[in-house]
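Numbering (our numbering), first residue to last: 21 to 579. No residue lacks a Cβ here, since even glycine has one placed at the ideal position from N, Cα and C. Here the structure is a predicted model, which means the values were calculated and not measured.
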Ligand SMILES: Cc1cc2nc3c(=O)[nH]c(=O)nc-3n(C[C@H](O)[C@H](O)[C@H](O)COP(=O)(O)OP(=O)(O)OC[C@H]3O[C@@H](n4cnc5c(N)ncnc54)[C@H](O)[C@@H]3O)c2cc1C
């Protein structure tokens with residue numbers, strides 16, 4: 021056992037910084053061009069759009085991190101045979117670190133589109149490259165020294181909100197505690213009204229930013245017009261949308277994926293998915309989605325996250341076969357097909373002041389971040405389904421006590437037996453049957469301070485000083501953006517596909533995953549009749565691509 025850890029670390033480091041052989045470099049040569057740099061020259065700078073992947077041919081490049089507060093930390097030095105890139109270079113995103121020539125340097129520069137072509141054309145070499153790109157991003161996230169810097173009190177709801185956003189999007193960041201760090205406190209004071217500052221890698225400082233403003237500053241999304249006509253616009257980057265993107269892009273279609281929050285959707289909020297095929301010990305939703313996100317980009321799918329779709333324009337679909345989606349910021353994207361993969365949004369129970377505490381102690385998911393906030397605390401969780409059960413078991417490993425509130429007499433009708441067994445086996449989970457949440461206490465600025473629940477048989481009320489409350493009371497389809505486009509939905513708002521959607525087609529019935537508007541498909545949780553499972557969502561994403569090909573080629577398939 022004693023020798024295992026160093027070997028593991030060495031293997032990981034070796035995978036993260038592999039040395040390419042002369043034969044490997046010869047295979048890469050046709051994808052790049054030679055670039056020379058004198059001593060001291062900057063090859064790439066954190067916060068600026070990365071030119072692609074560099075392979076060092078001669079000399080040494082020093083990689084350093086700046087934290088936006090003026091601190092510079094050396095990461096590594098890379099010599100001949102090393103390549104310089106991390107996952108962001110697959111899609112031409114801004115660099116997260118700085119690279120400077122130590123002495124004269126000669127490199128082979130492979131731009132993002134050629135990097136993707138290389139990874140696909142040279143499969144075994146591509147596998148080594150992609151593994152290294154992912155491990156480097158993971159290392160940057162774990163080190164918490166590059167990317168965005170959030171300055172403020174670490175327990176402030178706004179700091180948590182942005183941490184959550186960056187964490188869910190796999191973007192490195194670290195928090196500087198303004199109550200302990202004198203430099204940070206002085207900077208915060210300079211900005212007067214600011215409760216929170218975000219420093220981007222290029223040095224730009226944002227005061228109390230929204231997620232959207234921060235994403236733009238970090239280069240996660242652009243503000244440019246996209247005039248091209250896509251083959252497929254995918255709305256939603258949950259499992260269904262990401263699967264659609266992987267299959268469509270790998271089959272040569274021009275694809276863009278839009279999501280208003282982060283990749284992974286509801287599954288991204290799952291601490292452990294245990295029933296997804298091929299992962300006998302389970303996998304976190306974030307890890308599964310993170311891999312799919314990179315995989316889709318490897319095949320050339322474009323990602324726009326965060327970007328909210330406000331509406332869809334189908335007015336030209338009959339005449340030209342062209343569809344369009346309109347983003348919340350007013351931009352319009354055109355496509356020959358649209359895949360609705362917008363899933364479901366969490367249902368909100370009717371409790372006074374709920375909105376005051378959302379993101380400030382009231383959560384609709386339980387990831388590692390929320391679990392950390394609950395360490396050794398008493399928490400409450402509402403819901404009796406499988407996602408509630410998973411979250412309760414997960415939180416019980418961190419919290420002092422987890423109170424599970426269910427309206428009915430037991431969990432038997434709504435939760436899988438294996439989860440009920442685990443709940444019963446956990447000594448710090450208490451089940452409260454016949455119980456409903458009725459009050460929330462505290463101030464929005466300082467977050468939730470407690471909750472009250474009521475026995476629905478006796479009316480007896482109980483106060484609990486829970487500073488974190490988890491709500492898992494089901495979900496409703498995210499379809500408001502479809503209103504006005506003629507997409508038929510069932511009485512609960514889920515999108516109809518196939519035979520039930522055929523009414524909108526005078527000439528032909530809808531294909532199995534096609535909605536009532538030709539060329540508009542629906543997959544995953546948003547679709548009427550779907551199984552509401554990760555496996556189902558992914559299968560539908562894959563199946564939709566075959567139908568998209570048929571639509572684009574003018575062939576007809578009936579339900
Ligand atoms: C906590 C939890 C645990 C779960 N555990 C499991 C499990 O163990 N096993 C299992 O099989 N299933 C599990 N599920 C269910 C599973 O996560 C869902 O079935 C699956 O995520 C559905 O995928 P989807 O892609 O259809 O939709 P979603 O995952 O809901 O993704 C939809 C995406 O669309 C985006 N979106 C919505 N509207 C817009 C818009 N207007 N513009 C842009 N983007 C938009 C959203 O931000 C979201 O990212 C769990 C669910 C939860 C909440």
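Residue from the options whose Cα sits closest to the Cα of residue i
i           : options               : result
residue 340 : 227, 498, 481 and 539 : 539
residue 416 : 469, 291 and 362      : 291
residue 437 : 373, 120 and 409      : 409
residue 482 : 210, 560, 322 and 470 : 470
residue 364 : 371, 84 and 498       : 498
residue 333 : 323, 322, 346 and 324 : 346
residue 202 : 171, 190, 226 and 179 : 171
residue 12  : 152, 48 and 531       : Since the first and last residues shown for the chain are 21 and 579, residue 12 lies out of range.
residue 186 : 200, 205, 164 and 199 : 164
residue 212 : 222, 227 and 37       : 227
residue 425 : 246, 331, 419 and 412 : 412
residue 559 : 547, 568 and 543      : 543
residue 427 : 454, 297, 396 and 72  : 454
residue 297 : 555, 115 and 484      : 555
residue 280 : 302, 326 and 330      : 326
residue 102 : 80, 87 and 85         : 80
residue 511 : 537, 488, 530 and 546 : 546
residue 456 : 486, 513 and 369      : 369
residue 278 : 272, 348 and 303      : 348
residue 404 : 344, 492 and 85       : 492
residue 273 : 293, 316 and 71       : 316
residue 541 : 474, 234, 362 and 406 : 362
residue 53  : 86, 106, 134 and 38   : 134
Three-state class that DSSP yields for residue i in the structure shown
i           : result
residue 24  : Because the pLDDT at residue 24 is just 38, under 50, the model does not fix this residue reliably, and the value given afterwards should be weighed accordingly. Reduced to three states, the DSSP call for residue 24 is helix.
residue 383 : strand
residue 414 : helix
residue 237 : helix
residue 566 : helix
residue 228 : coil
residue 263 : helix
residue 136 : helix
residue 344 : strand
residue 354 : strand
residue 299 : coil
residue 560 : helix
residue 109 : helix
residue 579 : With a pLDDT of only 41 at residue 579, under 50, the local geometry of the prediction cannot be trusted, and no value is derived from it.
residue 29  : Below a pLDDT of 50, predicted positions are generally treated as unreliable, and residue 29, at 46, falls in that range; the measurement from the model is reported next regardless. Of the three classes helix, strand and coil, the one that applies to residue 29 here is helix, per DSSP.
residue 292 : coil
residue 286 : coil
residue 124 : strand
residue 322 : strand
residue 317 : helix
residue 34  : helix
residue 372 : coil
residue 242 : coil
Beta-ladder partner(s) of residue i, from DSSP
i           : result
residue 64  : 119
residue 83  : 96 and 119
residue 541 : 359 and 534
residue 129 : 53 and 74
residue 399 : 422
residue 275 : 252
residue 103 : 75
residue 515 : 509 and 547
residue 114 : 69
residue 331 : 346
residue 364 : 497
residue 378 : 382
Any chain B beta carbon closer than 8 Å to residue i
i           : result
residue 308 : No chain B appears in the structure shown, which is made up of a single protein chain.
Integer Cβ distance of residue i from residue j, believed to fall under 8 Å
i           : j           : result
residue 276 : residue 353 : 7 Å
residue 318 : residue 125 : Contact flag wrong, Cβ pair sits at about 28 Å.
residue 420 : residue 398 : 6 Å
residue 254 : residue 359 : 5 Å
Of all the beta strand (DSSP E) runs that stay within the bounds of the segment 163-222, which reach a length of 3 or more residues? 168-172, 193-197 and 217-219
Counting only runs of 4+ residues fully inside the segment 430-493, write out the alpha helix (DSSP H) ranges in chain order. 437-445
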